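Adding 79 to a residue's 1-based position in the sequence shown gives its number in our numbering.
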Amino acid sequence: MYKFVDPNETGVSSSSLSIQTIFNGIKLDEQLTDETGNFMTLTVTGRGNIKQNIKTTQVPGMDGALETDKTTFDVREITVKYKISDSTNEGFRSRVNQLNNVLRGSKKMLQFTDEDKFYYATLSENSIPEEDKNELVCELTFLCSNPYKYGQTHKTIALKKFTWEEYAGQSWRDLIGS
């Protein structure tokens, strides 16, 4: 017997449940979730986007343009789409106010649970649509004036021997143990 698949049937994406937002060390998905309502990170955009500033000058008789300076990266914008809900109107307003309070501050660490890297970010906008119910899909826009992504850059090791001669012929890999 053959099993047929309905081509019009839509699947449920599980990736939206696997990522959480961490701002200034606070996991928003946990901090803003309790028995009456929740905050859930749905999607994140802007982490892979880069834009370079390229200075050029027109040279008479030359096709195109001449790049005149070193290129630099433009600022980065990261957008977090989230769902926020509560069982009461008062609880919903309180949850939104708590979110806005947690997101205060400039150049705070912004992380996501699917990556061990972070950005220095400032909330530029919390875009909430018309509040016609107690469950809304909204967007946070963060400005990263420093567009770089940061993470663990070094590993501290304790050397047990006291002279360089005792380490002769060994590689860093031997010392670190990786």
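Cβ atoms here follow ideal geometry from the backbone N, Cα and C, with glycine treated the same way. In this text the structure is predicted, and so the values were computed from the model without any measurement.
Whole angstroms is fine: what's the gap from residue i's alpha carbon to residue j's?
i    : j    : result
I129 : S166 : 40 angstroms
S92  : D193 : Low per-residue confidence applies at S92: pLDDT is 44, beneath 50, and the placement is therefore not dependable, though the value from the model is reported in the following sentence. Taking the straight line joining both Cα atoms gives about 16 angstroms.
Q99  : L219 : 13 angstroms
Q231 : A247 : 28 angstroms
E146 : V154 : 20 angstroms
S94  : D142 : Reliability fails at S94, whose pLDDT of 42 lies under 50, so the model's placement of it is uncertain and the value that follows must be treated cautiously. Each residue's Cα considered, the two are about 47 angstroms apart.
I175 : N117 : Looking at the sequence shown, residue 175 is not Ile but Val. Computed Cα separation, rounded: 10 angstroms.
L189 : Q137 : 40 angstroms
P226 : K186 : 11 angstroms
K228 : F191 : 12 angstroms
S250 : G170 : 59 angstroms
D148 : S97  : 42 angstroms
Less than 8 angstroms between the CB atoms is what I'm expecting for residue i and residue j, so what's the real figure, rounded?
i    : j    : result
E214 : S164 : 4 angstroms
I157 : G125 : 4 angstroms
DSSP puts residue i in a beta bridge; with which residues?
i    : result
Y199 : M188
L215 : I163
Determine the contact status of residue i and residue j, defining contact as a CB-CB distance below 8 angstroms.
i    : j    : result
V216 : Q110 : no
T112 : K160 : no
4-residue-minimum alpha helix (DSSP H) runs that sit fully inside the region 152–180, ordered along the chain: Those alpha helix (DSSP H) runs which fall completely within the region 152–180 and span 4+ residues do not exist here.
4 or more residues per run - each alpha helix (DSSP H) lying fully within the region 97–163: Those alpha helix (DSSP H) runs which fall completely within the region 97–163 and span 4+ residues are 107–110.
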